[in-house]
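In this note's numbering, the protein residues as written are 3 to 471.
Dropping the structure here:
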């Protein structure tokens with residue numbers, strides 16, 4: 003039962019770890035945030051209280067409690083300021099970090115780029131760019147498909163959302179993003195903020211990564227600055243937008259929105275694909291079933307948006323990968339005013355955590371929750387689950403604006419690759435979940451490429467097989 007605090011209610015804290023003097027549970031969170039959240043849920047239940055240095059915090063582990071924070075009383079819970087102030091240099095005040103009326107205005111402006119016919123029009127670009135990547139792959143080659151996915155989805159996001167080519171920037175920008183994410187991960191583990199201007203080695207790497215990413219974004223914007231026609235993409239909408247006084251969006255705000263969409267628009271899909279390929283490498287029988295579905299549906303041709311309803315197993319594989327390895331492994335909010343959750347007093351300023359990593363591995367909602375079982379999504383599970391038991395893209399008004407974009411892209415890329423290659427995971431290259439802003443595969447996902455002969459109408463395409471081998 004979740005209610006607002008009522009007059010005279012005695013304030014009391016939910017159970018939870020005591021932590022260390024002064025630091026609270028911050029060291030535990032910094033060492034292993036996934037393990038800390040998992041242990042808290044198992045030991046203390048659906049609502050857990052703890053401290054992060056001087057800041058009170060809570061972890062919610064029940065769909066009803068999550069719904070209260072993200073939907074029913076979402077006005078009282080903003081993005082966590084302690085968390086997001088670490089990333090101002092890279093994201094600025096874009097859609098990911100803004101709040102209130104301004105956020106609502108920016109979201110409304112961006113929404114058409116991720117819906118309807120505009121969304122469907124991206125499918126051909128997604129497939130074409132994937133096939134262009136596959137032309138560089140060779141059977142027997144060993145490579146990191148996480149880096150391949152990051153580069154591919156970066157190019158797709160640049161082209162579909164901003165009508166820009168980014169192929170020449172992929173290597174440098176991918177390295178820059180890695181540097182930024184690594185330093186953000188370090189910053190989240192500190193009990194205090196170290197300003198970017200202090201020339202520590204980590205800060206220097208962070209600023210270098212931000213500068214390189216800024217260079218790509220500045221080029222994308224500059225190429226369009228004197229071309230004011232509406233191309234129907236997101237950048238056109240941003241550049242043509244006017245406020246109530248008829249003023250255009252500032253250069254800085256356009257930059258913040260472009261960089262937010264560029265990074266968020268490719269990171270989620272790339273990570274989804276990376277974890278999907280890792281899981282398929284561990285489960286070759288599922289991989290074989292996926293290849294058979296792709297052959298049955300496509301018969302040797304390239305996939306299109308019209309094929310998505312028939313690529314059911316591909317979608318189930320992606321959904322299951324998102325369950326086990328959600329890119330947004332934790333969601334943070336901050337209480338603006340005192341309230342009450344499940345009978346426990348929540349003071350203003352409390353950080354509220356919700357962890358899809360924990361929720362998705364809860365045996366109350368999923369049978370054999372640690373197992374990779376795409377078939378669990380073949381029936382009515384999605385409709386039978388409590389609303390927030392499965393939430394790979396968050397939920398409520400601030401649900402990921404690109405969730406449909408990411409799912410469509412992941413399924414189309416997965417099918418295109420499965421049509422031509424089997425990816426054998428290299429067991430001598432262990433993969434460890436690395437929670438930064440997103441859940442990255444630490445060490446990459448190294449595979450050996452094994453070509454699959456493309457079958458057209460049941461007949462092997464020998465020329466394609468030969469060219470790959």
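Beta carbons are placed, not taken as given, at the ideal position from N, Cα and C, and that holds for glycine.
Predicted model, so just to flag it, every value in this text is computed and none were measured.
- Among 139, 223, 343, 281, which residue has its Cα nearest to the Cα of residue 316? The count along the chain shown starts at 1 and reaches residue 316 at position 314. The shortest Cα separation from residue 316 among 139, 223, 343, 281 belongs to 281.
- Message: Among 134, 94, 110, whose alpha-carbon lies nearest the alpha-carbon of residue 487?
- Response: There is no way to answer for residue 487, as the model of the chain reaches only from 3 to 471.
- Message: If I follow the unbroken alpha helix (DSSP H) through residue 358, where does it start and stop?
- Response: On the chain shown, residue 358 is found 356 positions in, with the first residue counted as 1. Element bounds for residue 358: 358-361.
- Task: Could you give the DSSP three-state label for residue 116: helix, strand or coil?
- Result: Here residue 116 refers to the residue found at position 114 when the chain shown is read from its first residue. Three-state DSSP puts residue 116 in a helix.
- Segments of 4+ residues assigned as alpha helix (DSSP H) that fall wholly inside the segment 252-315: 253-284, 286-300
- Item | Contact belief for residue 163 with residue 115 at Cβ below 8 angstroms, rounded distance in angstroms | For the purposes of this step, residue 163 is taken as residue 161 along the chain shown, with counting starting at 1. For the purposes of this step, residue 115 is taken as residue 113 along the chain shown, with counting starting at 1. Right, their Cβ atoms sit about 6 angstroms apart.
- Query: Can you list, in chain order, the residues of its chain whose CB lies under 6 angstroms from that of residue 43, leaving out five sequence neighbours each side?
  - Reply: For this step, residue 43 is matched to residue 41 along the chain shown. Cβ within range, chain order: 63, 360.
- Supposed contact pair residue 97 and residue 410 - C-beta distance, whole angstroms, cut 8 angstroms: For this step, residue 410 is matched to residue 408 along the chain shown. For this step, residue 97 is matched to residue 95 along the chain shown. Not quite, the Cβ-Cβ distance comes to about 20 angstroms (not below 8 angstroms), so this is no contact.
- Task: Specify, as a first and last residue, the run of the alpha helix (DSSP H) that residue 69 falls within.
- Result: As a first step, residue 69 is located in the chain shown; it is residue number 67 there, counting from the start. Unbroken alpha helix (DSSP H) run through residue 69: 65-69.
- For residue 250, does the count of other Cβ atoms within 10 angstroms reach 16, so buried, or fall short, so exposed? Sequence index remark: in the chain shown, residue 250 carries index 248 (1-based). Exposed, since its Cβ has fewer than 16 Cβ neighbours within 10 Å.
- Message: Suppose you measure from the CA of residue 45 to the CA of residue 234; what does that come to, to the nearest Å?
- Response: Here residue 45 refers to the residue found at position 43 when the chain shown is read from its first residue. Here residue 234 refers to the residue found at position 232 when the chain shown is read from its first residue. Looking at the two C-alpha atoms, the distance is approximately 51 angstroms.
- Query: With 16 as the cutoff for other CB atoms within 10 Å, does residue 144 come out buried or exposed?
  - Reply: Taking the chain shown and counting its residues from 1, one reaches residue 144 at position 142. When all chains shown are included, residue 144 counts as exposed.
- Put residue 20 into one of helix, strand or coil per three-state DSSP. Within the chain shown, numbered from 1, the residue matching residue 20 stands at position 18. Coil.
- Message: Buried or exposed for residue 67, going by 16 or more other Cβ atoms inside 10 Å?
- Response: Within the chain shown, the letter at position 65 stands for residue 67. Classification for residue 67: buried.
- Query: So, helix, strand or coil for residue 367, using DSSP?
  - Reply: Along the chain shown, one-based indexing puts residue 367 at 365. If DSSP states are grouped into helix, strand and coil, residue 367 belongs with coil.
- Message: If the criterion is Cβ atoms closer than 9 angstroms, does the pair residue 421 and residue 305 meet it?
- Response: As a first step, residue 421 must be located in the chain shown, where it is residue number 419. As a first step, residue 305 must be located in the chain shown, where it is residue number 303. In contact: residue 421 and residue 305 (Cβ atoms closer than 9 angstroms).
- Message: I'd like to know whether the C-beta atoms of residue 263 and residue 328 end up nearer to each other than 9 angstroms.
- Response: Here residue 263 corresponds to residue number 261 of the chain shown, with the count starting at 1. Here residue 328 corresponds to residue number 326 of the chain shown, with the count starting at 1. No; because the gap between Cβ atoms is not below 9 angstroms, this pair is not in contact.
- Message: Taking a contact to mean a Cβ-Cβ separation below 9 angstroms, would you say residue 36 touches residue 437 in this structure?
- Response: In the chain shown, the residue the question calls residue 36 occupies position 34. In the chain shown, the residue the question calls residue 437 occupies position 435. Yes; because the gap between Cβ atoms is below 9 angstroms, this pair is in contact.
- Task: Determine the extent of the beta strand (DSSP E) in which residue 80 is found, giving its start and end residues.
- Result: Residue 80 sits at position 78 when you count from the first residue of the chain shown. Segment 79-81, the beta strand (DSSP E) holding residue 80.
- Between residue 270 and residue 330, is the Cβ-Cβ spacing less than 9 angstroms? As a first step, residue 270 is located in the chain shown; it is residue number 268 there, counting from the start. As a first step, residue 330 is located in the chain shown; it is residue number 328 there, counting from the start. Yes, the Cβ-Cβ distance between residue 270 and residue 330 is below 9 angstroms.
- Message: Taking the straight line between their C-alpha atoms, what separation do you get for residue 2 and residue 110?
- Response: Residue 2 lies beyond the range of the chain shown here (3 to 471); nothing can be said about it.
- Message: Since residue 73 and residue 397 should fall inside the 8 angstroms C-beta cutoff, what is the C-beta to C-beta distance between them, to a whole number of angstroms?
- Response: Within the chain shown, the letter at position 71 stands for residue 73. Within the chain shown, the letter at position 395 stands for residue 397. With a Cβ gap of about 7 angstroms, residue 73 and residue 397 count as contacting.
- Message: Going by DSSP, what residue range makes up the alpha helix (DSSP H) through residue 200?
- Response: Position 198 of the chain shown, counted from the start, is the residue given in the question as residue 200. Neither: residue 200 is in no alpha helix (DSSP H) and is coded neither H nor E.
- Query: The beta strand (DSSP E) spanning residue 159 covers which residue range?
  - Reply: Mapped onto the chain shown, residue 159 falls at position 157. First-last for residue 159: 147-164, but that is the alpha helix (DSSP H), not the beta strand (DSSP E).
- Task: Figure out for me which residue from 335, 211, 274, 337 has the closest Cα to the Cα of residue 319.
- Result: Residue 319 sits at position 317 when you count from the first residue of the chain shown. Among 335, 211, 274, 337, the Cα nearest to that of residue 319 is on 274.
- Message: Please state whether the Cβ-Cβ distance between residue 356 and residue 71 is less than 9 angstroms.
- Response: Translated into positions along the chain shown, residue 356 becomes position 354. Translated into positions along the chain shown, residue 71 becomes position 69. Their beta carbons are under 9 angstroms apart, which means residue 356 touches residue 71 by this criterion.
- Query: Nearest-angstrom Cα distance between residue 333 and residue 60?
  - Reply: Position 331 of the chain shown, counted from the first residue, corresponds to residue 333. Position 58 of the chain shown, counted from the first residue, corresponds to residue 60. The alpha-carbon atoms of residue 333 and residue 60 are separated by roughly 12 angstroms.
- Message: Which of the three DSSP states is assigned to residue 402 in this structure?
- Response: What you label residue 402 is simply residue 400 of the chain shown in a count that begins at 1. Three-state result, residue 402: coil.
- Item | Buried or exposed (CB count within 10 angstroms, at least 16 for buried), residue 78 | On the chain shown, position 76 is the one that residue 78 refers to. Residue 78 is buried by the Cβ-count criterion.
- Item | Residue closest to residue 118, alpha-carbon to alpha-carbon, out of 455, 427, 430, 407 | Taking the chain shown and counting its residues from 1, one reaches residue 118 at position 116. Taking only the C-alpha atoms, the option nearest residue 118 is 407.
- Message: Tell me the DSSP secondary structure of residue 487 in three-state form.
- Response: Residue 487 lies beyond the range of the chain shown here (3 to 471); nothing can be said about it.
- Query: Around the C-beta of residue 309, are 16 or more other C-beta atoms found within 10 angstroms, so that it is buried, or is it exposed?
  - Reply: Within the chain shown, the letter at position 307 stands for residue 309. Counting Cβ neighbours within 10 Å, residue 309 comes out buried, since at least 16 surround it.
- Query: Quick one, are the C-beta atoms of residue 454 and residue 287 less than 9 angstroms apart?
  - Reply: Working through the chain shown from its first residue, we reach residue 454 at position 452. Working through the chain shown from its first residue, we reach residue 287 at position 285. The answer is no: Cβ separation not under 9 angstroms.
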